[in-house]
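Asks: My structure is below; once you've seen it, I'll send some questions.
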Amino acid sequence: MLRLFNRYEIKYLMDAGLVDELREELERRLDRDRHCPDEGYAIWSAYYDTRHLRFYWEKIEGLRFRRKLRIRHYGDRFSAAGDTPVFVEIKQRVNRVTQKRRVRVPYLDALRLCDGREMIAHEPSQRAFLEEVLDLVCRLDLRATAMTGYTRHAYLGRDADTGLRVTFDRRVRGRDRDFGFGTDARNRFIVPPHKAIMEVKANERVPYWLTDLTAKRNLQVVRVSKYCQSIEAHGLAPRSVFHVPDHDLSEA
362 MLRLFNRYEI
372 KYLMDAGLVD
382 ELREELERRL
392 DRDRHCPDEG
402 YAIWSAYYDT
412 RHLRFYWEKI
422 EGLRFRRKLR
432 IRHYGDRFSA
442 AGDTPVFVEI
452 KQRVNRVTQK
462 RRVRVPYLDA
472 LRLCDGREMI
482 AHEPSQRAFL
492 EEVLDLVCRL
502 DLRATAMTGY
512 TRHAYLGRDA
522 DTGLRVTFDR
532 RVRGRDRDFG
542 FGTDARNRFI
552 VPPHKAIMEV
562 KANERVPYWL
572 TDLTAKRNLQ
582 VVRVSKYCQS
592 IEAHGLAPRS
602 VFHVPDHDLS
612 EA
């Protein structure tokens, strides 16, 4: 099915050592995502962009309307085979609201659509979205440009906080070539390994207790994009203030 998400997003860059402490506190108020084991789960994404990195620069320049195309895999990247379910996603920003639309298809079909530029078998409800993907890929001459991967812990709101989602992403890494999920390729940290990214997603507002929790620990809101970090870490664009010093680089 075609799935649609509309949310406000707030991101914090924090010391990785704080994550377990915050998770323990959040578990008193939020439910752990049913797909999230104790050790968290892996997310790998292949991002598509133009030769001149149009989507990257739209993000950097803060355009009110911007979007990204990606193929996303949940789980061990080496387990991704042709029939493995993945998501083809368009993530876009409209003013302050983040929208995400996606369909779940076999990995081989996702590659056929985004790399082969061919329409794939689909349900009638998916057609408009798949046509939009195909139009973007063909009209803008998109190609796989960067990969990101990280370990995530996710929590969901309950009762009065329904619609709230809080995630912690650690070991944020990526690469700029060999974009197959199952490829035995070298990755590098694109966010310093001692840092983690906390994301808060809410349908309408962030509850006061959560803003108090972040204020108590002096967490600062940041504009950080994992895709942009991967682009910058591999020298495809100037590095941001969050770049990883050479002495922190390692096989990941």
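Mapping of the sequence shown onto this note's numbering: residues 362 to 613, in sequence order. Cβ coordinates follow ideal geometry from the N, Cα and C atoms, glycine included.
Would LYS429 be called buried (16 or more neighbouring beta carbons within 10 Å of its own) or exposed?
Replies: Within the sequence shown, residue 429 is the residue found at index 68, counting from 1. The residue in question, LYS429, is buried, as its Cβ has 16 or more Cβ neighbours within 10 Å.
Asks: Helix, strand or coil for THR572 per DSSP?
Replies: Within the sequence shown, the letter at position 211 stands for residue 572. Helix, per DSSP.
Asks: Indicate whether VAL498 and TYR409 have their beta-carbon atoms separated by less than 8 angstroms.
Replies: The residue you call residue 498 lines up with position 137 of the sequence shown. The residue you call residue 409 lines up with position 48 of the sequence shown. Yes. Within cutoff.
Asks: Let me know the secondary structure DSSP gives SER486 once reduced to three states.
Replies: Here residue 486 refers to the residue found at position 125 when the sequence shown is read from its first residue. Helix.
Asks: Apart from the five residues just before and just after VAL602, which ones in its own chain have a Cβ nearer than 7 angstroms to its Cβ?
Replies: Residue mapping note: residue 602 aligns to position 241 of the sequence shown, counting from 1. Interpretation of VAL602 is limited by its pLDDT of 48, a score under 50 that renders its predicted location unreliable; no figure is taken from the coordinates.
Asks: Nearest to ASP520 by CA position, among ARG390, LEU374, TYR402, ASP476, is which residue?
Replies: Reading the sequence shown from its first residue, position 159 is the one you call residue 520. The option with the nearest alpha carbon to ASP520 is ARG390.
Asks: Please state if the CB of ARG412 and the CB of TYR470 are separated by a distance shorter than 8 angstroms.
Replies: As a first step, residue 470 is located in the sequence shown; it is residue number 109 there, counting from the start. As a first step, residue 412 is located in the sequence shown; it is residue number 51 there, counting from the start. The sequence as given places Asp at residue 470; Tyr does not occur at that position. Not a contact, by the Cβ cut-off of 8 angstroms.
Asks: I think PHE529 touches ARG549, with their Cβ atoms under 8 angstroms apart; what is that distance to the nearest whole Å?
Replies: In the sequence shown, residue 529 corresponds to position 168, counting from 1. In the sequence shown, residue 549 corresponds to position 188, counting from 1. That belief does not hold up - the Cβ atoms of PHE529 and ARG549 are roughly 21 angstroms apart, past 8 angstroms.
Asks: Short check: CB of TYR417 to CB of VAL447, under 8 angstroms?
Replies: Mapped onto the sequence shown, residue 417 falls at position 56. Mapped onto the sequence shown, residue 447 falls at position 86. Against a cut-off of 8 angstroms, the Cβ pair of VAL447 and TYR417 comes out as no contact.
Asks: Contact between the stretch 582-597 and the stretch 474-486: three or more CB pairs below 8 angstroms?
Replies: These segments do not touch.
Asks: Which residues bound the alpha helix (DSSP H) around SER591?
Replies: Sequence index remark: in the sequence shown, residue 591 carries index 230 (1-based). Its alpha helix (DSSP H) spans residues 587-594.
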